[in-house]
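Report on the following structure.
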Amino acid sequence: MEVIIAEHSGFCFGVKKAMRTVENLIGKKQKASTLGPIIHNSQVVEKLKRSG
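Following this note's numbering, the numbering of the sequence shown begins with 355 at its first residue and continues without gaps.
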């Protein structure tokens, strides 16, 4: 079986922006809170939790 990944695959603009914001806060050792998961991807959410 061959898996073909689209040329333009990945997160949408809003998720990319949210991830940049959270990663910047983590880099500055600042805290952040959300009313739910920042994105609907449990692996990424867990990685962010472990990062800070």
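C-beta atoms are modelled at their ideal positions from N, C-alpha and C, and glycine is treated no differently.
Computed from a prediction, not measured in an experiment: that's the story for all the values here.
Please confirm whether residue i and residue j have their CB atoms less than 8 Å apart.
i, j, result
"LEU402", "VAL376", "yes"
"ALA386", "LEU379", "yes"
Only counting the same chain, and skipping five residues up and downstream in sequence, which positions put a Cβ closer than 6 Å to that of residue i?
i, result
"GLY406", "ILE380"
Nearest to residue i by CA position, among the options, is which residue?
i, options, result
"ILE393", "LYS383, LYS382, CYS366", "CYS366"
Got a sec: does the ligand GDP put a non-hydrogen atom nearer than 7 Å to the Cβ of residue i?
i, result
"SER363", "Because no ligand of any kind appears in the structure shown, any question about the ligand GDP cannot be addressed here."
Could you confirm whether any beta carbon from chain C is found closer than 8 Å to the beta carbon of residue i?
i, result
"GLY390", "Absent from the structure: chain C. Only one protein chain is present."
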